[in-house]
Amino acid sequence: MKTISVINLKGGVGKTTTAINMAALLANRWGKRVLLIDNDKQGNTSQFFGKYIKDATCGAARILEGGDPAIWVTDQGLDVINANMTLETAENELLKSNDRQDNRMKMFLQKKMQEYDFCIIDNPPAVGMCVINALCASDEVIVPVKLDNWALDGTEMITETIGQLKALNKDLKKISVLITDFIKTPESEAAEEWLRENCSAEVFKTKIRFSKKVDSATYYKQPLDGYSLMCAAAVDYRKMIKEYLGKE
Ligand SMILES: Nc1ncnc2c1ncn2[C@@H]1O[C@H](COP(=O)(O)OP(=O)(O)O)[C@@H](O)[C@H]1O
Ligand SMILES: [Mg+2]
Numbered sequence: 016m017k018t019i020s021v022i023n024l025k026g027g028v029g030k031t032t033t034a035i036n037m038a039a040l041l042a043n044r045w046g047k048r049v050l051l052i053d054n055d056k057q058g059n060t061s062q063f064f065g066k067y068i069k070d071a072t073c074g075a076a077r078i079l080e081g082g083d084p085a086i087w088v089t090d091q092g093l094d095v096i097n098a099n100m101t102l103e104t105a106e107n108e109l110l111k112s113n114d115r116q117d118n119r120m121k122m123f124l125q126k127k128m129q130e131y132d133f134c135i136i137d138n139p140p141a142v143g144m145c146v147i148n149a150l151c152a153s154d155e156v157i158v159p160v161k162l163d164n165w166a167l168d169g170t171e172m173i174t175e176t177i178g179q180l181k182a183l184n185k186d187l188k189k190i191s192v193l194i195t196d197f198i199k200t201p202e203s204e205a206a207e208e209w210l211r212e213n214c215s216a217e218v219f220k221t222k223i224r225f226s227k228k229v230d231s232a233t234y235y236k237q238p239l240d241g242y243s244l245m246c247a248a249a250v251d252y253r254k255m256i257k258e259y260l261g262k263e
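Numbered by this note's numbering, the letters in the sequence shown go through residues 16 to 263 in order.
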């Protein structure tokens, strides 16, 4: 099993969209066994799959507690572990623990190695204990970025942070940046050029273009591939997965 964290310290850059669509494509187009973990207390991924349960201790919190989370089988061909606000309580409790705090997710995923080909973790836009746990459990990180100035700052910040976390997890093999929500303008093209020249991490050749269908697909709780096969973002996510798998 390969574990991929989707992460950026900035919100609204396409982390959840990327995590959901990567997971759905790997499962449905490529026949992979996929576990998708919602590691964001906002629970957007859980809501997408109809697995957001308001007050009960969520799966991501159970993982931090060192327990066994519920794994939900979805009708999208992949399994989901959910999140909600109880994840914050679990993070705070973990910080009080005298035991090792950074390897709870890793310990849990080690038990699932044989059951899945990919584990994708959708992270919140902040570095808390749940993100440190996700990073420690990950083989790779994908950083979605939107090309405005702030996002570029965020990318530098995250690359820096990940550099530090590499010290925590020597198994973190790869960090790749993915340009999302792309609209072609002179400014965005200049930003892309800057990013490709200056970013310390690898940048996917494929960029995910802006598409109006992304919001409506989320509204109807459908992965893009099922909702609007030919919209720009659906085409691009398929291409990105091919690039990722080295099947271009
Ligand atoms: N390629 C895209 N085209 C159009 N809208 C997008 C695209 N990617 C993301 N969005 C929209 O941007 C918003 C933020 O995306 P989301 O994936 O929730 O970001 P994050 O998880 O980083 O906060 C959502 O409304 C989403 O539908
Ligand atoms: Mg999100």
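Backbone N, C-alpha and C fix where the C-beta goes; we use that ideal spot for every residue, glycine too. For clarity, every value in this text was computed on a predicted model and none was experimentally measured.
{"Check": "Residues sharing a beta bridge with Trp87, DSSP", "Outcome": "Val95"}
{"Check": "Proximity winner among Ala149, Glu130 and Gly241, relative to Gln116 (alpha-carbon distances)", "Outcome": "Ala149"}
{"Check": "Stretch pair the segment 62-73 + the segment 97-113: three plus CB contacts closer than 8 Å", "Outcome": "yes"}
{"Check": "Any non-hydrogen atom of ligand 1 closer than 7 Å to Phe219 Cβ", "Outcome": "no"}
{"Check": "Beta carbon nearer than 5 Å to a non-hydrogen atom of ligand 2", "Outcome": "Lys30, Thr31 and Asn59"}
{"Check": "Residues bridged to Thr32 (per DSSP)", "Outcome": "None, per the DSSP bridge assignment."}
{"Check": "Neighbour-count burial assignment, Met144, 16 or more Cβ in a 10 Å radius", "Outcome": "buried"}
{"Check": "Touch test, the segment 236-246 against the segment 184-193, Cβ-Cβ under 8 Å, three pairs minimum", "Outcome": "no"}
{"Check": "Beta-carbon proximity of Ile52 to Ile136, cut-off 8 Å", "Outcome": "yes"}
{"Check": "Any 3 or more C-beta pairs closer than 8 Å across the segment 21-38 and the segment 153-165", "Outcome": "yes"}
{"Check": "Chain-order list of residues whose beta-carbon lies under 6 Å from that of Asn36 (same chain, five-residue window excluded)", "Outcome": "Pro238, Leu239 and Tyr252"}
{"Check": "Near ligand 1: Lys27 beta-carbon under 7 Å from a heavy atom", "Outcome": "This sequence places Gly at residue 27; Lys is not what is there. Yes, the beta carbon of Gly27 sits closer than 7 Å to at least one heavy atom of ligand 1."}
{"Check": "Proximity to Lys17 [Cα-Cα], best of Thr89, Thr33, Ala85 and Glu130", "Outcome": "Glu130"}
{"Check": "Cβ separation of Asn138 and Asp55, assumed to be a contact under 8 Å, to the nearest whole Å", "Outcome": "6 Å"}
{"Check": "Rounded separation between Asp154 and Lys47 - CA only", "Outcome": "17 Å"}
{"Check": "Simplified DSSP assignment, three categories, for Glu217", "Outcome": "strand"}
{"Check": "Check: Arg77 C-beta below 7 Å from any heavy atom of ligand 1", "Outcome": "no"}
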